[in-house]
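Enquirer: Note that the sequence shown covers residues 1321 to 1457 in this note's numbering. For reference, the structure I am asking about is given below.
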Amino acid sequence: MSDKFLKRYLFASDFDQTLSFNDSGFVLSELLGIPVEEFKRKATGMAQLNLVQQGAELAYLLLHDPQFRGVRRAHLLAPGKKIPLKQNIELLYRILGNGIDGYHFDFYVLSAAPVELVQSALEGILPPDHIFGTEFK
């Protein structure tokens, strides 16, 4: 079928608790030796204060919390490999990429989690240029 007859759609998904079973902050906390309950306590406190939008807790902690501030890019790659993903993400990507009778879907992931962490988790499933997340300078 010709591309001019295809209807194109953007299929955008969050990462934490949508494509994965847990918040990426839980896995990173564990690798840093910070109890998950401590991460949950801090995230809940920020939500109650309306300090950050829901989902941006980890990014805030990485910039401002002494326990998280020492995290570097290399620290974000290991947790990505340990995040339990939901099944058939790659299959969904292939089905949407191949189109469905007259329709084409571009599959992207948009996340408040650090982009390195999400790219690491989805390596071999989605191309890195289809993953957008928080980038630190």
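Glycine residues also receive a C-beta, built at the ideal position from the N, C-alpha and C atoms. The structure presented is a predicted model; accordingly, all values stated were derived computationally and were not measured.
1. In whole angstroms, what separates the C-alpha of Phe1425 from that of Ala1376?
2. Which two residues bound the contiguous beta strand (DSSP E) that contains Lys1327?
3. For Asn1342, collect the residues of the same chain with a Cβ closer than 6 Å to its Cβ; drop the 5 residues on either side in sequence, then sort them by chain order.
4. Would Leu1405 and Leu1339 be called neighbours here (beta carbons separated by less than 8 Å)?
5. When the Cα of Leu1330 is compared with those of Tyr1428, Phe1359, Val1435, which residue comes out closest?
6. For Gly1444, which residues from the same chain have a beta carbon less than 6 Å from its beta carbon, with the 5 sequence-adjacent residues on both sides left out?
7. With DSSP run on the structure shown, which of helix, strand or coil describes Gly1422?
Expert: In terms of the structure at hand:
1. Numbered from 1 along the sequence shown, position 105 holds the residue referred to as residue 1425. Numbered from 1 along the sequence shown, position 56 holds the residue referred to as residue 1376. Phe1425 and Ala1376: Cα-Cα distance of roughly 27 Å.
2. Against the sequence shown, residue 1327 aligns to sequence position 7. From DSSP, the beta strand (DSSP E) with Lys1327 extends over 1327-1333.
3. In the sequence shown, counting from the first residue as 1, residue 1342 sits at position 22. Here the set comprises nothing.
4. In the sequence shown, residue 1405 corresponds to position 85, counting from 1. In the sequence shown, residue 1339 corresponds to position 19, counting from 1. The answer is yes: Cβ separation under 8 Å.
5. One-based indexing of the sequence shown puts residue 1330 at position 10. Ranking the options by Cα distance to Leu1330, first place goes to Tyr1428.
6. To locate residue 1444, count along the sequence shown from 1; it is residue 124. Answer for Gly1444: no residue qualifies.
7. Here residue 1422 refers to the residue found at position 102 of the sequence shown. Three-state DSSP puts Gly1422 in coil, outside helix and strand.
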